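Asks: The structure follows.
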Amino acid sequence: MTCMDEATIWTIGDDVFNNGLLNTALYTVIVLAVTKVLSTLLKKALDRHPRAQTMPMIYLRRIITFILYAIAVFSILSQVKFMAQLGVSLLGATSVVTVIVGLAAQATFGNFISGFIISIFQPFKVGDFVSLSEKQIAGQVKEITFRHTVIRSIENTEYVIPNSVMDSAVIENRAYGQEFYKRMINVSVGYDSDTQLVRKLITDTVLSAPEFVDVRTEEEKAAGVPAVNIRLENFGASGLEFIFFMVSSTLADSYNGASRIRLRLLEEFRKNGITIPYQTLDVHVKQN
Numbered sequence: 001m002t003c004m005d006e007a008t009i010w011t012i013g014d015d016v017f018n019n020g021l022l023n024t025a026l027y028t029v030i031v032l033a034v035t036k037v038l039s040t041l042l043k044k045a046l047d048r049h050p051r052a053q054t055m056p057m058i059y060l061r062r063i064i065t066f067i068l069y070a071i072a073v074f075s076i077l078s079q080v081k082f083m084a085q086l087g088v089s090l091l092g093a094t095s096v097v098t099v100i101v102g103l104a105a106q107a108t109f110g111n112f113i114s115g116f117i118i119s120i121f122q123p124f125k126v127g128d129f130v131s132l133s134e135k136q137i138a139g140q141v142k143e144i145t146f147r148h149t150v151i152r153s154i155e156n157t158e159y160v161i162p163n164s165v166m167d168s169a170v171i172e173n174r175a176y177g178q179e180f181y182k183r184m185i186n187v188s189v190g191y192d193s194d195t196q197l198v199r200k201l202i203t204d205t206v207l208s209a210p211e212f213v214d215v216r217t218e219e220e221k222a223a224g225v226p227a228v229n230i231r232l233e234n235f236g237a238s239g240l241e242f243i244f245f246m247v248s249s250t251l252a253d254s255y256n257g258a259s260r261i262r263l264r265l266l267e268e269f270r271k272n273g274i275t276i277p278y279q280t281l282d283v284h285v286k287q288n
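Residue numbers (this note's numbering): 1 to 288.
Put into C-alpha cells, the structure is as follows:
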C-alpha cells in the first residue's frame with residue numbers, strides 16, 4: 001500500500017469529522033474506555049466507604065458517573081464538524097451554567113433536583129413504608145432513581161412516581177426510625193355491657209398477643225400505669241366506643257397483632273355475652 005493510499009484512508013470522512021472517520025472512531029473507543037475505567041474505579045472507591053449503601057453516597061456515585069459520561073459524549077460530539085462548536089460551548093464553564101439553568105425549568109431536571117434533595121434530607125429511604133394520602137397511594141419504597149421513586153403496594157403493584165411529586169407531597173412515613181409502632185383499635189359494645197369486664201377482656205387479649213410490646217418505663221410500672229391504656233372514646237348511636245393501642249416492634253407485627261386481637265376479642269365477647277352493636281334495617285310494607 002502506497003503512502004498515498006494510507007493518506008487517503010485516514011482522511012476518509014474529513015468533510016464530516018475534524019480528524020477523519022478512522023481517527024474519530026479510535027478517539028471514541030479511547031474516550032469510552034477511559035470513562036468506563038474511571039467509573040469503575042470510582043465505584044470501588046466509594047464502596048469502601050462505611051456509608052457506601054446510604055442514599056447520599058449512592059446518589060453521589062450516580063451523579064459523578066453521569067457527569068463523566070456527559071463529558072465523554074460532549075467530547076466525542078466535538079469531533080463532528082457541525083457539532084464542534086456546540087460541544088466546545090457545552091464544555092465551557094459559562095455555557096454549562098446557562099444550560100443547567102435552562103434545563104432546570106424542565107420537568108426532567110426538576111425531578112433530578114428533587115431526587116437530590118430527597119437523597120440529602122432522606123424523608124424516606126428504600127425499605128420504608130410510606131403513604132401519600134393525596135394520591136391514595138401506600139406501599140414500600142423499592143427504588144429511588146434520578147427521575148422517579150418506585151413504591152410497591154400491598155397488592156404487589158408498583159407505582160412509578162416522579163421525584164418532584166414525592167418532594168412536594170405530604171408523606172406519612174411509617175418506618176422513620178421508630179423503635180416501636182402503635183396501631184389504634186376501636187371496639188364498640190352494647191350499652192348494657194359490663195364495662196369492667198370489657199376492659200379486662202381487652203387487657204388480657206392484648207397482653208396475650210405475641211406481637212405486643214410493653215413500652216412502659218420502670219417508673220411508669222412502679223406508678224401503676226397500665227400496660228394497655230383503654231379509653232371510652234364516645235357514646236355512640238348504638239353502643240359504647242372504646243379505643244386502645246396495639247404496640248409492636250415492627251410495622252408488620254402491628255398489622256398481624258391487630259388482626260389477632262380483633263379475632264380473639266370477638267371470641268371472648270361471645271363467650272361472655274357481650275354484644276357488639278350493628279346497624280339493622282326494619283322494612284315495613286304498607287298494604288292498601
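Glycine is no exception: its CB is placed at the ideal position from the N, C-alpha and C atoms. Since we're looking at a predicted model, the values are computed, not measured.
(1) Which of helix, strand or coil does DSSP assign to Val283?
(2) Going by DSSP in three states, Ile67 sits in which element: helix, strand or coil?
(3) Distance check for Leu22 and Cys3, CA to CA, integer angstroms please.
(4) Starting from Thr149, trace the beta strand (DSSP E) both ways and give me its first and last residue.
(5) So, at 6 Å on beta carbons, what are the nonlocal neighbours of Phe146 in its own chain, with the 5 sequence-adjacent residues on each side left out?
(6) According to DSSP, simplified to helix, strand and coil, what is Phe129?
(7) Just to confirm, are Val80 and Thr157 a CB contact at a threshold of 9 Å?
(8) What are the partner residues of Ala138, as DSSP defines its beta bridges?
(9) Is Ile120 buried or exposed, if buried means 16 or more other CB atoms sit within 10 Å of its CB?
(10) For the beta strand (DSSP E) that contains Ile243, what are its first and last residues?
(11) Counting only the same chain and skipping the five closest in sequence on each side, list residues whose C-beta sits under 7 Å from that of Val225.
(12) Measuring straight from C-alpha to C-alpha, what distance separates Thr195 and Pro123?
(13) Can you give me the Cβ contacts of Tyr159 inside the same chain, cut-off strictly under 6 Å, excluding the 5 residues immediately before and after it?
(14) So, is Lys286 buried or exposed, given that buried needs 16 or more other C-beta atoms within 10 angstroms?
(15) Decide yes or no for the touch test of the segment 228-243 against the segment 163-182: beta carbon pairs closer than 8 Å, at least 3 of them.
(16) For Gly273, which of Asp253, Tyr27, Ser193 has the nearest alpha-carbon?
(17) Taking the alpha-carbon positions, what's the Thr280 to Ser188 distance?
(18) Could you pull the DSSP bridge partners for Val187 from this structure?
(19) State the DSSP-derived secondary structure class of Glu158, mapped to helix, strand or coil.
(20) If you draw a straight line from the C-alpha of Val37 to the C-alpha of Ile67, how long is it?
(21) Count the other CB atoms within 10 Å of the CB of Phe180; is the residue buried (16 or more) or exposed (fewer)?
(22) If you draw a straight line from the C-alpha of Asp47 to the C-alpha of Gly127, how long is it?
Replies: Answer, in terms of the structure:
(1) Taking the sequence shown and counting its residues from 1, one reaches residue 283 at position 283. The three-state reading of DSSP puts Val283 in coil, since its state is none of H, G, I, E or B.
(2) Locating residue 67 in the sequence shown gives position 67, counting from the first residue. The answer is helix: DSSP assigns Ile67 an H, G or I state.
(3) Within the sequence shown, the letter at position 3 stands for residue 3. Within the sequence shown, the letter at position 22 stands for residue 22. Per-residue confidence for Cys3 stands at a pLDDT of 48, beneath the threshold of 50, marking its modelled position as unreliable; the derived number appears in the next sentence. One C-alpha to the other measures close to 16 Å.
(4) Reading the sequence shown from its first residue, position 149 is the one you call residue 149. 148-152 is the span of the beta strand (DSSP E), which, as asked, contains Thr149.
(5) In the sequence shown, counting from the first residue as 1, residue 146 sits at position 146. These residues qualify, in order along the chain: Phe112, Gly115.
(6) Numbered from 1 along the sequence shown, position 129 holds the residue referred to as residue 129. In the structure shown, Phe129 sits in a strand (DSSP, three-state: E or B).
(7) Numbered from 1 along the sequence shown, position 80 holds the residue referred to as residue 80. Numbered from 1 along the sequence shown, position 157 holds the residue referred to as residue 157. No, they are not a contact pair.
(8) Within the sequence shown, residue 138 is the residue found at index 138, counting from 1. According to DSSP, residue pairing for Ala138 in a beta bridge involves Ser131.
(9) Start at 1 with the first residue of the sequence shown, and residue 120 comes out as number 120. Classified as exposed, Ile120 has fewer than 16 neighbouring CB atoms from the shown chains inside 10 Å of its CB.
(10) On the sequence shown, residue 243 is found 243 positions in, with the first residue counted as 1. Ile243 -> beta strand (DSSP E) spans 240-248.
(11) Position 225 of the sequence shown, counted from the first residue, corresponds to residue 225. Cβ neighbours of Val225 beyond the five flanking positions: Arg216.
(12) Locating residue 195 in the sequence shown gives position 195, where the first residue counts as 1. Locating residue 123 in the sequence shown gives position 123, where the first residue counts as 1. Going by the C-alpha atoms only, they are around 43 Å apart.
(13) Along the sequence shown, one-based indexing puts residue 159 at 159. Counting only Cβ-Cβ distances below 6 Å, and skipping sequence neighbours, we find Ile137, Ile151.
(14) Reading the sequence shown from its first residue, position 286 is the one you call residue 286. Residue environment for Lys286: exposed (fewer than 16 other C-beta atoms within 10 angstroms of its C-beta).
(15) Too few Cβ pairs lie closer than 8 Å, so no.
(16) Taking the sequence shown and counting its residues from 1, one reaches residue 273 at position 273. Minimum Cα distance to Gly273 is reached at Ser193.
(17) Here residue 280 refers to the residue found at position 280 of the sequence shown. Here residue 188 refers to the residue found at position 188 of the sequence shown. Answer to the nearest angstrom: the Cα atoms are 15 Å apart.
(18) Taking the first residue of the sequence shown as position 1, residue 187 is located at position 187. Phe242.
(19) Along the sequence shown, read from residue 1 onward, the residue named residue 158 stands at position 158. Strand, per DSSP.
(20) Here residue 37 refers to the residue found at position 37 of the sequence shown. Here residue 67 refers to the residue found at position 67 of the sequence shown. Between Val37 and Ile67, the C-alpha separation is close to 14 Å.
(21) Looking up residue 180 in the sequence shown gives position 180. Phe180 counts as exposed, since fewer than 16 other C-beta atoms from the protein chains shown sit within 10 angstroms of its C-beta.
(22) Residue numbering aside, residue 47 sits at position 47 when the sequence shown is read from its first letter. Residue numbering aside, residue 127 sits at position 127 when the sequence shown is read from its first letter. So the alpha carbons of these two residues sit roughly 20 Å apart.
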